[in-house]
Amino acid sequence: MKAISIFNDVLGPVMRGPSSSHTAAPYQIGRMARALLLGPDRVPHLSRGTASEGERSEADAAADGPAEAAFVFDPGGSFAQVYREQGSDLGFAAGLLGWPLTDERFGQVLDVAAREGVDIRFSVASLAHLLPLTPEGAGLEEGKLHPNTVEMRLRSRRGRTLHAVARSIGGGALVFTQVGGWPVSLTGDAHELMVEMAPDAEPSALLRALGRVTALLAPEGPPPARQERGG
Numbered sequence: 264m265k266a267i268s269i270f271n272d273v274l275g276p277v278m279r280g281p282s283s284s285h286t287a288a289p290y291q292i293g294r295m296a297r298a299l300l301l302g303p304d305r306v307p308h309l310s311r312g313t314a315s316e317g318e319r320s321e322a323d324a325a326a327d328g329p330a331e332a333a334f335v336f337d338p339g340g341s342f343a344q345v346y347r348e349q350g351s352d353l354g355f356a357a358g359l360l361g362w363p364l365t366d367e368r369f370g371q372v373l374d375v376a377a378r379e380g381v382d383i384r385f386s387v388a389s390l391a392h393l394l395p396l397t398p399e400g401a402g403l404e405e406g407k408l409h410p411n412t413v414e415m416r417l418r419s420r421r422g423r424t425l426h427a428v429a430r431s432i433g434g435g436a437l438v439f440t441q442v443g444g445w446p447v448s449l450t451g452d453a454h455e456l457m458v459e460m461a462p463d464a465e466p467s468a469l470l471r472a473l474g475r476v477t478a479l480l481a482p483e484g485p486p487p488a489r490q491e492r493g494g
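Residues in the sequence shown are numbered consecutively from 264, following the working numbering.
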């Protein structure tokens with residue numbers, strides 16, 4: 264049984280209007296897509312270390328950042344009909360740029376992005392190719408996409424790329440259903456770890472990757488390096 268949230272199920276989420284499904288959730292989708300694109304070492308609040316290291320991380324995040332973003336809506340879905348009228352485009356863009364929800368420039372975000380050299384495009388095209396990876400138990404009729412589905416293809420200034428699919432599922436809530444062609448279920452309610460490895464990677468490569476992430480997220484920071492044998 265789903266837990267009832269006094270905020271999302273009774274009062275409604277903290278959001279930019281006019282619509283929780285078509286404005287608030289797109290902002291959160293854009294924000295989460297930014298984090299997935301840039302990675303934890305480019306998201307300042309996940310950085311550890313000294314103040315100067317934190318400042319460098321913020322500078323790195325700004326120097327990297329999104330360069331291109333393409334958002335695609337299925338013609339049979341609701342985003343295709345209302346993404347301009349209900350500010351879905353503004354929400355996706357503001358979240359992608361990492362703006363706070365209360366930024367006064369929210370209504371001008373597309374103009375600001377263009378001035379900063381960020382190419383953000385929205386289009387309407389069939390997303391029928393996504394159906395084979397629709398998670399089981401999604402509560403949808405066979406052969407039907409969720410009406411609030413968006414496909415995203417992003418590129419950062421440093422060449423990172425991200426292909427992801429997400430849905431707005433009501434009350435400002437969201438779920439990512441695909442990342443990099445893999446079926447997932449990411450709602451943003453918990454920390455998630457995804458490690459992408461080459462098919463022929465050695466087990467030691469996975470251990471190194473996990474060790475790096477563990478050190479990055481540890482509250483006390485990475486353990487001190489061993490300086491001498493037996494120390």
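Think of the CB as a built atom: it goes at the ideal place given N, C-alpha and C, for glycine as much as any other residue.
With respect to the C-alpha of H426, the residue from W362, L299, F355 and P289 having the closest C-alpha is L299.
Rounded to the nearest whole angstrom, the CA to CA distance from G354 to P289 is 5 Å. The three-state secondary structure of M295, taken from DSSP, is helix. Rounded to the nearest whole angstrom, the CA to CA distance from G451 to V438 is 8 Å. Contact check between the stretch 329-338 and the stretch 417-425: three or more CB pairs, one atom from each, fall below 8 Å, which counts as touching. Assignment of beta-bridge partners to M415 by DSSP yields F334 and A427. Judged by pairs of C-beta atoms under 8 Å, the stretch 350-364 touches the stretch 379-389, as three or more such pairs exist. In the structure shown, the three-state DSSP call for A388 is coil.
Between the alpha carbons of P462 and L473 lies a gap of roughly 17 Å. With a cutoff of 8 Å on beta-carbon distance, E379 and L393 are scored as not near each other. When the alpha-carbon of R423 is set against those of P338, M460, L301 and E459, the nearest one is in L301. With at least 16 other beta carbons inside 10 angstroms of its own, V428 counts as buried.
One Cα belongs to L449, the other to D374, and the distance between them is close to 30 Å. T412 is a Cβ neighbour of D337, given a cutoff of 8 Å.
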